[in-house]
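Residue numbers (this note's numbering): 117 to 1220.
If you want it as structure tokens, here you go:
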């Protein structure tokens, strides 16, 4: 093939700039348009940011500016994460001392402050700091503020005023504008004849990047990105201007092509030896030099491009025309046109060495890009596409191999995420692509608008995912315009390359390829088309070093554009460049189609799809779009009230202050609940935990044996239904499974989409919903019951207990107390501790299952009366051979014994006497001979009481004598036994228990009114002259039944079940008191029941 060369006349053409000054009118006009766009963008961004700031701060107290040098007295009240006042004051003193001498760039920078360990050791009044020191015994200093502390105090602090932000923004914007106009002015003054489209495109891309950096941080609390970005742009513009006047055809650039390669290798070796990665990544991308952290990857890429340009500029003709003789090649390669090894092997070895060094750094992104650049340059130089396809395929196959073997770990993780972005086992960062797709989807077609999107929408939003951020704020329309800018830029750069001479062509082409491949590769990665690569997005990415290098490379293209035009470029390389353009268009079309699919076509589906990934605790759980959480946070959560209107859970501080006197009357201290740093406030605290729950920590929410109002009424409280359901998922790679909640937030589609527009109908519709919940519980009775139970349990020498109180007529739950409750809401309790504390967290009143003992005899008696049995039928209680009292039941070898304290046999016992004296022998015989298993099960069924395991007639028959007096396999909760008493008090009508007003169901008859009235009389007799006579002198007449549930190798449970008042009454309560291992029910439990009835009477809940 003939090598086409330019003529001497063509090569001697002078630059156009030599003919006279170049006004560069097109460039000036486009720069002016770009300047106006930047000014408009800055104005819109500032207005949006200022509006958000004012809306966020108008309702609360003024923010404390840390750079105003506040004293410790102003800081201390805000440090509410320290429970100990001494710790709080110590932290305030330490922070104030630092702020007096140094300014601070962000609230998060407080985590860098440390206290002297010796001072902490000497101050024995400190609690939290001494605990931290115990975890770091050899440390000389201890962090003053942890990340948790910062989260608690952050809403109350700032590091600058809004006015400071405004002036910083204005200064940075003016500096940005000035940079590009200075370049334009110098070029005009120096008669620069380069391309007039490139600089305006660069200005537009930089403008977009600048506006994104403005909106990605909290203007009052965070370190500002746009200030550092503008510095990088300024330095980059100087580098661009200096390089743009370089003579790219100086022979020395070709002769010394190996020097950049050598420098790249040396830098790579230093990075492998001394480099480190961000966070937990094993990629070595950072290098510390003279106390500064730099990322040399961009410099290494530039050096390699210089090497490739110099090498191909000298040898492209030889590579194209000379082929290796077949006898020197393996047989498999003899069928292909292999170039001369003498000329092709050195560059191949150099590139492979560079790629291996990148692999050694664990950073495969640059290796991938440089591989594609090299193979493309090789293909265009040789005018053959087959080698390009083979080389690129091998590179992609190597990535798959890395995934299969798991090395490097970062590469394997990225490939794993790409293969399954919504469901994987990668930790950390398994949700990175999902986060990116959520960010894209948030923009829709038109975008959220500048400054109206999330401030930190995803991990690495200002670097890896900056294109996704652009898609969120500008929408698909803006993103398409951004891609069009890149397309025009790449097209113009390719035209510059084809017009340049040999070295200029290969250098400009290499820079163009690097730019194009980086844009396409990062776009494919964050859209889920390919693995994430960790490479930068040219001119959009935050980072001073990458910005400077990109501008420097752009300056080289500008330098190539000012050289005399050489038509030989089109003749020698035009065909290859056209094929390249077609390939780039094909990949770009895939990117645009996928962006349209995510942002427009499947916008809602992507937005609300959760990702199942490994969390910080090592377990897999569903992660949802953070924009959903942000939107939900703007919906004021409803208040939970008790039956009298007293707030039990609220976010409204003013509500608590309105009821301050009511809280004081029941002994509630509001100091903690009134803290400005609190979100959801629980004034009743731990006394109400087992009923209300804790929305802040969601402690024990996954437990099935709980009925937290915060969880069960979540749809109403938050104003929408999240359709939460428990599903089983694979938790580990080895197949272990666990139950997790999966939620569907699609009911909020319109609200999430328009959350930045308070007046939108979709937003107003959600905010207008009634989100408050009123309970049937009485907070005053709950507090009194908690005090009574705590005192009773402690005096009985026991450790646990429960009380359940209901309205006997309506079934409304009036009080539900579980002991112990002290410390249950401690926010220091982590998940592992919660698992170990399952017993501590159990809602004993409603879900604790215990043998009910003699209190269950009420159910057996009801079954007998409902079966038509004569209550006067008697059975014998006699003395047994061992001296105890009881009797034998036919068919069972072991006797039924009454209590050890029953010294005398009860003799002939009928139903009334059996209940009054609580005779086990009587009920064992009654249940076995007259009631039977089917009737006993039917009598227990309405109350949810299990009589056997499994709960069948056949199983019950095996333990029928024991079950008939509440032993055997019978188990019941205090609430279930309170239902029994309530049904008897309500003439046999069972009113289903409910604890949310308006949720009651229609009552149904459990047994006849005559049965209920007869049992009521017997229960009253128990109190008057039976086992419950301890309450015979009660001011309010009580009817009840004691229970002493025997346990193997443990002290008996003490029960008292009953209702009050006995007789005619306008309102009546039913109750059950349980003291675990409390001994006899007629003692501790009965005494607590008496106090409970007196409390209810005092509160007006009982009317005779």
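Glycine included, C-beta positions come from ideal geometry on N, C-alpha and C.
Asked                                                                                                                                                                                             : Found
Here's the rule: buried if 16 or more other CB atoms are within 10 angstroms of the residue's CB, otherwise exposed. What is residue 1149?                                                        : exposed
Where does residue 827 land, buried or exposed, given buried means 16+ other C-beta within 10 angstroms?                                                                                          : buried
Going by C-alpha distance, which of 987, 968, 1039 is nearest residue 1195?                                                                                                                       : 968
Would residue 888 and residue 734 qualify as a contact pair, given that the criterion is a beta-carbon distance under 8 angstroms?                                                                : no
Quick one: what's got a C-beta closer than 6 angstroms to residue 921's C-beta in the same chain, skipping five residues either side?                                                             : 930, 931, 1185, 1187
Tell me the DSSP secondary structure of residue 1035 in three-state form.                                                                                                                         : coil
For the beta strand (DSSP E) that residue 923 lies in, which residues bound it at each end?                                                                                                       : 917–923
Taking 7 angstroms as the limit between beta carbons, can you name the residues of its chain near residue 657, skipping five residues before and five after?                                      : 579, 582
Would the stretch 891–911 and the stretch 1048–1063 be scored as touching if the rule is three or more Cβ pairs under 8 angstroms?                                                                : no
Are residue 593 and residue 643 close, meaning C-beta to C-beta below 8 angstroms?                                                                                                                : no
Could you name the residues of the same chain whose beta carbon sits closer than 8 angstroms to that of residue 230, not counting the 5 residues immediately before and after it, in chain order? : 257, 258, 259, 260
Starting from residue 346, trace the beta strand (DSSP E) both ways and give me its first and last residue.                                                                                       : Counting along the chain, residue 346 falls outside any beta strand (DSSP E), though it belongs to the alpha helix (DSSP H) covering 341–359.
Could you tell me if residue 1126 is buried or exposed, where buried requires 16 or more neighbouring beta carbons within 10 angstroms of its beta carbon?                                        : exposed
Buried or exposed, going by whether 16 or more other CB atoms sit within 10 Å of the CB of residue 811?                                                                                           : buried
So, is residue 701 buried or exposed, given that buried needs 16 or more other C-beta atoms within 10 angstroms?                                                                                  : exposed
Helix or strand or just coil, what does DSSP make of residue 181?                                                                                                                                 : strand
Output the distance between the C-alpha atoms of residue 289 and residue 604, rounded to the nearest integer angstrom.                                                                            : 25 angstroms
Return the residue from the list 866, 1027, 240 that minimises the CA-CA distance to residue 984.                                                                                                 : 1027
Flag this pair as yes or no: are the beta carbons of residue 1083 and residue 1162 separated by less than 8 angstroms?                                                                            : yes
Only counting the same chain, and skipping five residues up and downstream in sequence, which positions put a Cβ closer than 7 angstroms to that of residue 994?                                  : 1003, 1021
Am I right that residue 296 and residue 326 are in contact with their C-beta atoms under 8 angstroms? What's the rounded C-beta distance?                                                         : With a Cβ gap of about 12 angstroms, residue 296 and residue 326 do not count as contacting.
Whose C-alpha, out of 907, 796, 913, is nearest the C-alpha of residue 919?                                                                                                                       : 907
Can you give the Cα-Cα distance for residue 266 and residue 302, rounded to whole angstroms?                                                                                                      : 49 angstroms
Out of 281, 989, 320, 1040, state which residue places its alpha-carbon closest to the alpha-carbon of residue 1010.                                                                              : 1040
Would you check if there are 3 or more beta carbon pairs closer than 8 angstroms linking the stretch 349–360 to the stretch 172–183?                                                              : no
Are the CB atoms of residue 374 and residue 489 nearer to each other than 8 angstroms?                                                                                                            : no
Does the stretch 1094–1113 come within contact of the stretch 874–887, defined as at least 3 CB pairs closer than 8 angstroms?                                                                    : no
On the three-state DSSP scale, how would you describe residue 219?                                                                                                                                : coil
With burial defined as no fewer than 16 other Cβ atoms inside 10 Å of the residue's Cβ, what is the status of residue 1208: buried or exposed?                                                    : buried
In three-state DSSP terms, what is residue 1118?                                                                                                                                                  : coil
Contact defined as beta carbons within less than 8 angstroms: I believe residue 970 pairs with residue 1160. What is the distance between those atoms, to the nearest angstrom?                   : 6 angstroms
Start and end of the alpha helix (DSSP H) containing residue 630?                                                                                                                                 : 618–642
Apart from the five residues on each side of it in sequence, which residues of its chain come closer than 6 angstroms, Cβ to Cβ, to residue 1189?                                                 : 919, 1172, 1201, 1204, 1205
From which residue to which residue does the beta strand (DSSP E) around residue 846 run?                                                                                                         : 841–846
Buried or exposed: which applies to residue 839, given that a residue is buried once 16 or more other Cβ atoms fall within 10 Å of its Cβ?                                                        : exposed
Where does the unbroken alpha helix (DSSP H) through residue 729 begin, and where does it stop?                                                                                                   : Taken as a continuous stretch (DSSP letters only), residue 729 belongs to no alpha helix (DSSP H), being part of the beta strand (DSSP E) at 727–730.
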